[in-house]
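Have a look at the structure below before the remarks.
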Amino acid sequence: MELLNHIYWRQKREFALPSDRYDTWVVFAVEEGVFRFEIGRHSGEAGFADLVVCPPGVPFIRETVTPLTFHYIQFTADAGCELPPGLLHLNDTKRLSSTYAYLRQLAEDSSPEALGWKTHLVADLWQLYHMESREAAGVGKFTEDALMADAAAFITAQAWEPLSLLDTARSLGLSPVQLTRRFREAFGETPSSYLKSIRLTKARTLLKDSELTLAQIAERCGYENGFYLSRVFTNTSGMSPAEYRKRHRV
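Below you can see the structure in the form of structure tokens.
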């Protein structure tokens with residue numbers, strides 16, 4: 338893997354070009370904010386801990402949803418750093434945040450020494466992805482805190498049923514306040530936001546790949562009714578479920 342270019346963009350409100358095509362591999366590594374993308378048959382939305390990968394010669398269509406802070410990474414690929422095109426998600430957010438912090442620090446340094454450090458940091462992202470893909474297939478978020486790993490597993494297993502913060506905390510012998518604080522320290526988000534992301538990911542899949550009504554999707558995703566799912570979906574995605582389904586159906 339050879340790093341060709343790294344640019345750190347902060348709070349970018351819109352892309353200068355709604356679509357671009359690159360001669361090399363390109364990754365948008367998101368720190369903050371959300372953007373929509375389409376790369377060949379791959380499309381969706383990306384936020385923190387997501388890598389959006391575009392191969393050479395493929396149109397990269399993109400649109401910001403909220404102000405976007407991200408790392409633009411351009412590189413050549415070899416047998417040691419293959420990445421599938423489209424959306425990749427990293428679970429080890431502590432390690433990821435540390436890598437991003439070092440990349441930010443080096444963003445304006447174009448010296449050969451800095452290029453070597455940045456190459457190492459970018460390669461670490463690829464290794465992290467491959468390691469998680471092989472060793473954590475089907476497993477949710479990563480943390481060194483064993484109890485919070487249990488919390489994430491409990492939330493994932495119960496995500497399609499009515500689930501309260503109190504139920505989750507009690508299952509672990511914690512108070513809701515203790516659980517929220519410790520879960521945020523482990524994963525960088527609250528248990529509620531983690532639960533919401535799991536449910537909305539499934540909702541997006543069902544909107545794209547099924548003919549189910551919104552009420553049926555809500556039932557399968559742990560929401561009380563279609564109206565509530567629509568409100569949560571719209572507030573999070575910036576578009577209604579109906580609009581999302583229309584945009585993403587083949």
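Quick note: the sequence shown uses my numbering, first residue 338, plus one each step.
Ideal Cβ placement from N, Cα and C applies to all residues, glycine included.
Every value quoted in this text rests on a predicted model; they were computed, and no experiment measured them.
Own chain, CB closer than 7 Å to F520, minus 5 neighbours either side, in chain order: The residues are M485, A488, T527 and P528.
Check whether F412 and L340 have beta carbons under 8 Å apart: Yes, these two residues count as a Cβ contact at 8 Å.
Bridge partner(s) assigned by DSSP for A383: Partner(s): F372.
Cα-Cα separation, P396 to S380: Cα-Cα distance, rounded: 12 Å.
Own chain, CB closer than 6 Å to L440, minus 5 neighbours either side, in chain order: Apart from sequence neighbours up to five positions away, the residues of its chain that approach L440 with a beta-carbon distance below 6 Å are H408 and L458, ordered along the chain.
DSSP-derived helix/strand/coil call for I399: Note that residue 399 is Arg in the sequence shown, not Ile. The DSSP-derived three-state label of R399 is strand.
Residue from F564, L427, E382 and D360 with nearest C-alpha to F524: Out of F564, L427, E382 and D360, L427 has the C-alpha closest to the C-alpha of F524.
Beta-carbon contacts of L566 that lie in its chain and below 6 Å, excluding the five residues immediately before and after: Take L566, set aside five residues on each side of it, and the residues of its chain with a beta-carbon closer than 6 Å to its own are A555 and Y560, in chain order.
Residues bridged to Y409 (per DSSP): DSSP lists I344 and F365 as partners of Y409.
Endpoints, beta strand (DSSP E) assigned at G563: It is not in any beta strand (DSSP E) - G563 instead sits in the alpha helix (DSSP H) that spans G563 to S574.
Candidates T573, P578 and S574: closest to G563 by CA position: It is P578 whose Cα lies nearest to the Cα of G563.
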